[in-house]
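Undergrad: Numbering (the working numbering), first residue to last: 342 to 1211.
Please see the structure below; I have some questions.
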Amino acid sequence: MLKKVFFTILVLYIALPLYAFETSKLDNGLTIITEQQKSASVVSLQLFVNVGSNNEKYSERGISHVIEHMVFKGSKRMSAGQISRAIQALGGNINAFTSFSMTSYYVTVPKENILTALDILADMVFYPEFNKKELEKEKKVILEEINMRYDNPSSRVHELLFSEVYPSCNIGNPIIGEKETVSSFTQENLKNYYRDFYTPNNMVIVAAGDFDEEKFIKKVKALTSIIQPNPVRQVWSSGIHRNAVATVNTIAIQGNIEQAYFAVGFKIPDFLNYDTAKLDVLSTILGSGASSRLYQVLREDKRLVRGISAGIFSGNYPGVFIVSGVARSTDVTAALDEIIKQFALLKEKPISEQELSRVITQVKAAKVFEKEDVGSLTGQLGYYQLLHDASLKDEYEDQLSNVSTQDVIETANKYFVANNMYAAIYYPKKDKAILRNVNFNKSLAVLANAGEKNNVLNLQSKKPVARDIVLPNGVKVILKEDHSLPIVSFGAYNRSPFLSESVTDNGITDLAFRVAMKGTKNYKFDRISEIIDYNAISLSPYIDKNVAGFSGSSLSEKFPVLFDLFKEIVQSSTFEKEEVEKEKRLQLSSIQSRKEDSLGYASYMADKYLFTKLAYRMSLNGEETSVKNLQAEDVKKWFKRYVKPNQMIYVFVGDISEDQIRKLLVTYLSEKGEGQPVVPNKINEKELTGKIKQKLLLEKAQTAVVIKYRAPKVGSKDYYSMKVLNSILSGMGSRLFDKLREQEHLVYSADIYLSSGDPYSTLTAYALVSPGNETKAINLMQHEFDRLKTEAVNETELKKAKMVIKGGFAHQMQQRSDQAESYGRFEVLGMGYREVDNYLLHIDEVTVQDIKKVAEKYFSPRYVQIVVGK
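If you want it as structure tokens, here you go:
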């Protein structure tokens, strides 16, 4: 599976580029991509299914690959063997592959036979028979294929590496599966799995060559239009890396081989991350071709290896930067030491412009040569389409051209670090003594020290790091400069005025912030909308029970327009009666439809019992009585009282400098603001005297169950422990999901989530069950809570829970707007913006004992239980 990855970052364009390919989508969701290559004498067809081993449950390991085999073993019209013979009769060839994330069936035929080949391909993929006798025969073939895997030392060492990097997901397991699972598959297993994923809305068909596109698309429609779309089963496993550790994660095994095979890996982001193009360049510098550094040093100069290469393994999951090679056992340690030194050198010494130019030319040339082969072309188009969008294929070259020598050294320093490194060695049994104690200490010290000086001198100003600026009038500004893309995101935040609401004006904060966007002294609402759309900017209120303000993003050249509009809204909103009444009607409609969402309604009711004094007991959008009584003048006064420029925290992330910010703010904040600051209510809620249980009758097909606890204040030590506890219980594959859905089959949906607040957070568990099953579901949920108080979580489960948090956090922090929001929230809630960058450190510090401690402290008999249903 290790391939050189070609990628482009998603770059914002004012004018969309024109691509050589055409994309269309049928009513049933099937995507069709065609590209003309008039010089080609053959046509390539590929049908991609967005399913691979990543989608498999533990008991299904290998089933995607088995189905790929069985699709060739008989269809609606053809028996086993006829399919291949029919394609061969057309002068073509047919094959298939299964990967972690996709399955592909591909055909190459002379161009005049494209429609006949399409007919055969559609018949075999959409109408497989899954004959029982053929399945038993094919399983024997696949079991032999599994045996062959152990005879391929290169594949074996990569599997070993992946098992270390991805211990908790399917990428750490062989795509082909294991003997015990493959042997167990039945016809019913295959049909069920096929039904879950082989649906037109989960497929892409690609054709490239010299053919009539109109006739081709018409034929696809004729063959597939009667096939209805179906819901696609959720992905069972995503690529989650192992936690970072203090030293290299190393695995070494022995086998009946003659030479040692090794692989060194560093964790990298998923394919769509903006660093991927830079990592691609790095892999070419190190190990692509005879002129690469590793080849020259290890093979030509020091003769430590027989072969060596570098590449990127990546997709819609976090990836690995891999260097792999073959050497004599006596040379493995020296070879690995030298490889690490080469990584260190990339961190320390900038590459020359000449070397960079050569590497970029290499990769560009590879892209051009790909176009000569229509099979390669259809493969690339389908791969990118399933990943995100086929246009990424053509955008890659532009991104690659922008990689600089500084990008290379920064990226090397970012990823080539000791606690991000993994190693796998597959060595001959006879050489056990030689490789018993592989030690990287000396070379790791070189790697750790490399780039330190360079970081200080060259990288400090380049690496995006948040810092604060205090203006002369005392207003605090948080700035994170990141000039890698021409984007600026900003936010202006304060404590939410919701905290000052009472039952008589409940809902006024939500209403006020929305109406503020509906017109100012200088702009009517249609003009505000026009400014936003014409300049491709975003600006909207940001409101929850703890933090409120405004946030927005734009291209850097349009940021002055965005900030001027923000100032206009904050300073000059008119709160016209007509606009207030419009928004009130919408708000009342939302309140009146509250019971339509039984889970949301149950959670809303739980808050009323969980808190008796704090504003948390109320809904953010209010009640009918309170909202109906709000007048335009009341709303305007509320906004002006609490939204004052000099009382807000300002956050800027992206392509903007401190000088630019100071110029933007100098007039806006020239005078000290007046108004009433939001002071968090320090009233202590009384402890609940016991469990509060309520059942609310609603005519629903399913009954909603909500159990809600008070949880620790955001930022506290207990909060981080509770965050990990929440991860243990939440999501697919978690304790709650497995118990209620997978084992007991009681629910379609069950989960738990932790909200963040000051002075309280809340922990909410919920389930949707059939009427009559609510008591059993509640008992099972409580049993899982009690287990955490009485049984220690094992280290493996703890690590997995932390990895889930880390993956979610990394995903959340990709966009500048999300970064700005996080820095603003942390600052407003009193933790300080720097704690955003320390967040994962706090997660890592949580121990098994901490989990038990917070479970004992917060999973008391004092909670609220709401049941909504029949």
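We treat Cβ as the ideally placed atom computed from N, Cα and C, and that holds for glycine.
1) Do Y1204 and I1093 have their C-beta atoms closer together than 8 Å?
2) Considering F684, what are the terminal residues of the alpha helix (DSSP H) in which it resides?
3) Cutting at 7 Å between CB atoms, please list the residues of its own chain near G550, excluding the five before and the five after it.
4) Among residues of its own chain, excluding the 5 on either side of Y534, which ones have a beta-carbon nearer than 7 Å to its beta-carbon?
5) Can you give, in chain order, each stretch of the alpha helix (DSSP H) that sits fully within the region 850 to 906 and has at least 4 residues?
6) Strictly by DSSP, which residues pair up with K1049?
7) Among the candidates L826, K414, T966 and E1115, whose CA atom is the shortest distance from the CA of H1086?
8) Using a 10 Å radius around the Cβ and a threshold of 16 neighbouring Cβ atoms, would you call L820 buried or exposed?
9) What residues in its chain sit with their C-beta under 6 Å from that of A1196, if we drop five residues either side in the sequence?
10) Indicate the three-state DSSP secondary structure (helix, strand or coil) for Y1199 in the structure shown.
11) On the three-state DSSP scale, how would you describe Q387?
12) Between which two residues does the beta strand (DSSP E) holding F831 run?
13) Mapping DSSP to helix, strand and coil, what is F503?
14) Only counting the same chain, and skipping five residues up and downstream in sequence, which positions put a Cβ closer than 8 Å to that of Y318?
15) Terminal residues of the continuous alpha helix (DSSP H) containing V523?
16) Assess contact between the region 982 to 1002 and the region 810 to 820, defined as three or more Cβ pairs (one per stretch) separated by less than 8 Å. Is contact present?
17) Measuring alpha carbon to alpha carbon, tell me which residue in G370, A427 and K366 is nearest T457.
18) How long is the line joining the alpha carbons of P1053 and G1098, rounded to whole angstroms?
19) Using 8 Å as the Cβ pair cut-off and three pairs as the minimum, do the region 758 to 775 and the region 959 to 970 touch?
20) Between I455 and S445, what straight-line distance do the alpha-carbon atoms span, to the nearest angstrom?
21) Run the CB neighbour count on Q721, radius 10 Å, all protein chains shown included, and call it buried at 16 or more, exposed below.
22) State the Cα-Cα distance for the pair L1181 and L1095, rounded to the nearest angstrom.
23) Ignore the nearest five residues each way along the sequence and tell me which others in S802's own chain have a CB closer than 6 Å to its CB.
24) If the criterion is Cβ atoms closer than 8 Å, does the pair N369 and I568 meet it?
25) Do S967 and N847 count as a contact pair if the criterion is CB distance below 8 Å?
26) Assuming V506 and S665 make a contact with CB atoms under 8 Å, what is their CB distance in whole Å?
27) What do you reckon, are the CB atoms on V667 and R647 nearer than 8 Å?
28) How big is the Cα-Cα spacing for Q1001 and L812?
29) Taking the beta carbon of H406 as the centre, do at least 16 other beta carbons fall within 10 Å, making it buried, or is it exposed?
30) On a CA-only basis, which of I594, E555, L718 and T1103 is nearest V448? Give me that one, please.
31) Taking the beta strand (DSSP E) that S365 falls in, what are its first and last residues?
32) Pop quiz: L431 and A618 are said to be a contact at Cβ under 8 Å. What is the actual Cβ separation, rounded to whole angstroms?
33) Am I right that K643 and E679 are in contact with their C-beta atoms under 8 Å? What's the rounded C-beta distance?
34) Using a Cβ-Cβ cutoff of less than 7 Å, which residues in the same chain neighbour V1169 once the five nearest sequence positions on both sides are dropped?
35) Does the beta-carbon distance from K464 to R536 come in below 8 Å?
36) Please state whether DSSP places R490 in a helix, a strand or coil.
TA: In terms of the structure at hand:
1) no
2) V673 to E689
3) Q378, A381, V383, V384, S385, K452 and V715
4) E401, I404 and I408
5) 866 to 875
6) T1105 and V1205
7) E1115
8) buried
9) L1129 and K1130
10) helix
11) strand
12) I828 to R836
13) helix
14) The structure shown has nothing for residue 318, since the chain only spans 342 to 1211.
15) K520 to S525
16) yes
17) A427
18) 8 Å
19) no
20) 18 Å
21) buried
22) 16 Å
23) Confidence in S802 is poor, its pLDDT being 36 and thus under 50, which makes the residue's placement unreliable; the coordinate value appears in the next sentence. None.
24) yes
25) yes
26) Actually they are not in contact, since the Cβ atoms of V506 and S665 sit about 13 Å apart, beyond 8 Å.
27) yes
28) 13 Å
29) buried
30) L718
31) F362 to K366
32) Between A618 and L431 the Cβ distance is about 39 Å, and since that is not below 8 Å, they are no contact.
33) 7 Å
34) Y834, N835, R836, V888 and I990
35) Residue identity differs from the one stated: residue 464 is Asp in this sequence, not Lys. In this structure, R536 does not lie closer than 8 Å to D464 by Cβ.
36) helix
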